[in-house]
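See structure below.
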């Protein structure tokens, strides 16, 4: 079938411009019918040998165009095979990519689940640390409170000064006491009597609690 006719039907007899379907080149051509010019009609004469026509030219013309058509068919077959092989190869690549995509999706889902587990474990550890810290602080506070409320630490005697404690210890001693300082004043008439009395009492001087 001829394609891409450019001129009107009146010019068909002279040869219109067409694009060859075999070589994709522009050429002057016409339909094979009785309206062709005589020189072209002779090339397609079915009985060239009967009409004393140039059989060699007719056969050469037809063989040449048949060979071109066969070459075109061969090129189309090779192109078809190449395209089919490329299509199969791309299909295999697409299958591989699709399989990798499925594996990647499964791996991503596993990683997401693992990430959720890690986050959950991290929150549990943080809550455990926080609870331990609160429990430790509460224990220390209770210890301090119990220590502050200990009755043994709140006795008045423990809050007295050192001088008061010494005074208490000295006041707790029982036994004969020292005579007042006035007894040992010099030039006192009863000095010798007081000394003798102190010596007698010192023999029985005993400390006891």
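Numbering (my numbering), first residue to last: 773 to 981.
Using N, Cα and C, we set each Cβ at its ideal position, and we do this for glycine too.
If you're wondering where the values come from, they're calculated on a predicted model, not measured in any experiment.
For residue 901, the three-state secondary structure derived from DSSP is helix.
Residue 870 counts as exposed, since fewer than 16 other beta carbons sit within 10 angstroms of its beta carbon. The alpha-carbon separation between residue 838 and residue 827 amounts to approximately 16 Å. In the DSSP assignment, residue 813 falls within the alpha helix (DSSP H) that extends over 810-815. A residue is called buried once 16 or more other Cβ atoms fall within 10 Å of its Cβ, and residue 790 is buried on that count.
Remark: C-beta atoms of residue 815 and residue 833 approach each other more closely than 8 Å. Judged by DSSP secondary structure, residue 798 falls within the beta strand (DSSP E) whose first and last residues are 798-801.
Straight through space, the alpha carbons of residue 881 and residue 866 are spaced by roughly 22 Å. Taking C-alpha positions only, residue 848 is separated from residue 800 by approximately 24 Å. Comparing alpha-carbon positions, the option among 794, 887 and 831 lying closest to residue 845 turns out to be 794. Residue pairing from DSSP places residue 790 in a beta bridge opposite 799. The alpha-carbon of residue 873 is positioned some 15 Å away from that of residue 883.
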